[in-house]
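Protein chains in written order, with our numbering: chain W, 1 to 75; chain E, 76 to 150; chain B, 151 to 225; chain V, 226 to 300; chain C, 301 to 375; chain X, 376 to 450.
Structure, rendered in structure tokens:
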């Protein structure tokens, strides 16, 4: 796969949160690399709050890592 | 998206908890940005304790991060 | 909401565990503030061990945070 | 409730693991204090590996806390 | 129960990973000590990827603890 | 099993992420070593977003460990 993750450092907490989202998605993409299958699957859960909260949980787990990597963006 | 997360610092543990709730919701919102779909979905789980406890788990995960970022609000 | 979380410090591990329970419940309550709906939902899971173990997991996650905040109650 | 958790310190990792089990069960017990209901519920999941692995996950989460509290039982 | 966990120290990351598997299984075994029931249950999930990924999650959680206990096997 | 995990150190965050994927899969493989059964099971979840997000969560948990082991790849 191409180089897509050069560093865990981000300038702001929000950019860190968005990086956490990217990592969550990349975990899905590595597991199921076929984009067509992914798009099909996504239609099923788009309005399923149980899925959405699970996705939010994965983001939260990655955000822990990224926040620690940035020393919580302390000044 | 607009700037919505400038810092993880909060004055009190309770404000940190409320920020954890915000992060949990933003994880959902980034995954499903269509507010109408979100509102529809929410009707389904409003009285589903399984969903509510999962939501509480995501909040707990973010609260870990925020509490660490605030050095647990130690005086 | 009223002030309900002034500190993460507790005198004993058991009080820390009970605070973890409170945080778990507050995560549910913020997500679904309608007490009547909560009570209705609770009837469904009262004898559902799958729900109870999920609730116990959220408590465990909050207890990690509170234990760290109290430096594990080391003398 | 009676005093049931005076310390997170244990002499060995195994005792720490057994304390993690106790904390997992107490999380269930605080959520559903009626022992008769608990016993009824338990019959349902006794041979459900999905439940058993979830229970094992809660134990793992508490064991993280207890291991940290004991500095991993390093000599 | 017999002494089965004397230390969290292992010589290599792989041995640490295998110890994490052992802890995951012991969490199940303490919850359901009847080996016959366990074997029966196992037949149900043997080809259930949802169960297998949950089992992998518990292993990951224990591996965090064991890796920290070994200071990540840094030379 | 052969030696497959000699170190948690990686040169870049991306290689660390890919190691996290490997650990997630090894957790599955140790639990169900029969490759034929695994392949059969995989067909079921290939287009199941709930499974994919759970797999992504396990990766996130291992990535926390690996990121800490590499001191977050700080220069």
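Just so you know, even glycine gets a beta-carbon here, dropped at the ideal spot from N, CA and C. These figures come from a predicted structure and were not determined experimentally.
Coarse secondary structure for residue i, derived from DSSP in three states
i, result
"residue 126 (chain W)", "Since the displayed chain W opens at 1 and closes at 75, residue 126 (chain W) lies outside it and no answer follows."
"residue 348 (chain C)", "coil"
Proximity below 8 Å, CB of residue i to CB of residue j
i, j, result
"residue 5 (chain W)", "residue 392 (chain X)", "yes"
"residue 51 (chain W)", "residue 441 (chain X)", "no"
"residue 163 (chain B)", "residue 256 (chain V)", "no"
"residue 420 (chain X)", "residue 349 (chain C)", "yes"
"residue 266 (chain V)", "residue 153 (chain B)", "no"
Distance between residue j and residue i (C-alpha atoms, nearest Å)
i, j, result
"residue 283 (chain V)", "residue 206 (chain B)", "7 Å"
"residue 327 (chain C)", "residue 99 (chain E)", "29 Å"
"residue 192 (chain V)", "residue 361 (chain C)", "This structure does not reach residue 192 (chain V), given that chain V is present from 226 up to 300, and the question cannot be answered."
"residue 369 (chain C)", "residue 179 (chain B)", "37 Å"
"residue 185 (chain B)", "residue 410 (chain X)", "50 Å"
"residue 264 (chain V)", "residue 258 (chain V)", "11 Å"
"residue 240 (chain V)", "residue 299 (chain V)", "14 Å"
"residue 262 (chain V)", "residue 187 (chain B)", "22 Å"
"residue 193 (chain B)", "residue 343 (chain C)", "32 Å"
Residues of its chain near residue i, where Cβ-Cβ distance is below 6 Å and the 5 sequence neighbours each way are ignored
i, result
"residue 321 (chain C)", "359"
Close Cβ partners of residue i (< 8 Å) along its chain, the five nearest in sequence each way excluded
i, result
"residue 319 (chain C)", "308, 310, 362, 366"
If you scan the stretch 228-261 of chain V from start to end, which runs of the alpha helix (DSSP H) of 4 or more residues do you find wholly inside it?
For the stretch 228-261 of chain V, whole alpha helix (DSSP H) runs of length 4 or above, ordered along the chain, are 238-256.
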